[in-house]
Amino acid sequence: MSEFQLEMLYTPGDIESAIARLAREIRRDYRNKNPVLLGVLKGCFVFMADLVRALDIPLETEFVSLSSYGPRRTQSKGTIEVFQGLRKPVRGRHVIVVEDIVDTGITVDFAIRYLRRRRPATLRVCALFDKTARRRVDVPIDYLGYKVPDCFLVGYGLDYDERFRYLPGLYCLKEDG
Ligand code: PRP
39 MSEFQLEMLY TPGDIESAIA RLAREIRRDY RNKNPVLLGV LKGCFVFMAD
89 LVRALDIPLE TEFVSLSSYG PRRTQSKGTI EVFQGLRKPV RGRHVIVVED
139 IVDTGITVDF AIRYLRRRRP ATLRVCALFD KTARRRVDVP IDYLGYKVPD
189 CFLVGYGLDY DERFRYLPGL YCLKEDG
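Just so we're aligned: 54 in the working numbering is position 16 of the sequence shown, and the numbers increase by one with no gaps anywhere.
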């Protein structure tokens with residue numbers, strides 16, 4: 039069985055600083071707008087929890103569960119499965135899509151189209167990590183934490199076959215042998 043090495047890219051402190059900055063930007067734009075933060079599960083769950091607490095303004099949270107990758111997440115299937123759709127209408131609301139990472143862009147692109155059909159007043163995207171090297175669809179990221187290199191990323195909600203999501207930092211996963 040192959041083993042893994044984890045190379046740290048961002049410490050928990052780095053991530054905390056990025057989230058504090060994102061929270062300042064979003065707070066400036068959405069104070070008094072009671073936005074809906076729409077998390078894309080599963081990967082967003084750690085980021086979402088930290089972001090809403092850093093924001094500290096009235097807001098609502100919703101989730102959709104989408105996936106474009108098989109269990110080992112090495113290659114995007116290019117099609118999205120909706121495991122759980124929106125439970126409440128967002129018509130007329132200010133919606134911010136919250137993603138842990140934008141990679142090919144296919145998931146966010148799908149989420150944007152899915153939400154536009156539901157007629158929000160405004161729609162923006164907040165992503166903690168942006169991996170541009172494998173982008174296949176041009177998508178807007180209105181609030182961005184960090185650009186990341188083209189390696190297999192785990193931690194802070196990101197997984198390899200459901201492993202490593204719990205790690206508090208962001209790591210590059212390297213496979214031995
Ligand atoms: C990951 C991540 C994003 C998506 C980004 O989710 O959480 O939602 O991939 O990749 P893309 O830009 O190439 O579409 P994944 O499909 O692995 O499901 P998960 O969130 O349940 O881990």
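Even glycine gets a Cβ: it sits at the ideal position worked out from N, Cα and C.
T99 sits in a strand when the DSSP states are folded into three classes.
By the neighbour-count criterion, in which a residue is buried when 16 or more other Cβ atoms sit within 10 angstroms of its Cβ, V133 is buried. Per DSSP, A61 is not a residue of any beta strand (DSSP E); the alpha helix (DSSP H) it occupies stretches across P50 to Y68. Here DSSP, grouped into helix, strand and coil, assigns Y152 to helix. Per DSSP, D168 is one residue of the beta strand (DSSP E) stretching across T160 to D168.
Between the beta-carbon of L93 and that of A56 there is about 14 Å, and that puts the pair past the 8 Å contact cut. By the neighbour-count criterion, in which 16 or more other beta carbons inside 10 Å mark a residue as buried, G81 falls on the buried side. A distance criterion of 7 Å places the beta-carbon of L191 beyond contact range of the ligand PRP, judged by its closest non-hydrogen atom.
Contact between the segment 145-161 and the segment 188-196 is absent: fewer than three C-beta pairs spanning the two stretches fall below 8 Å.
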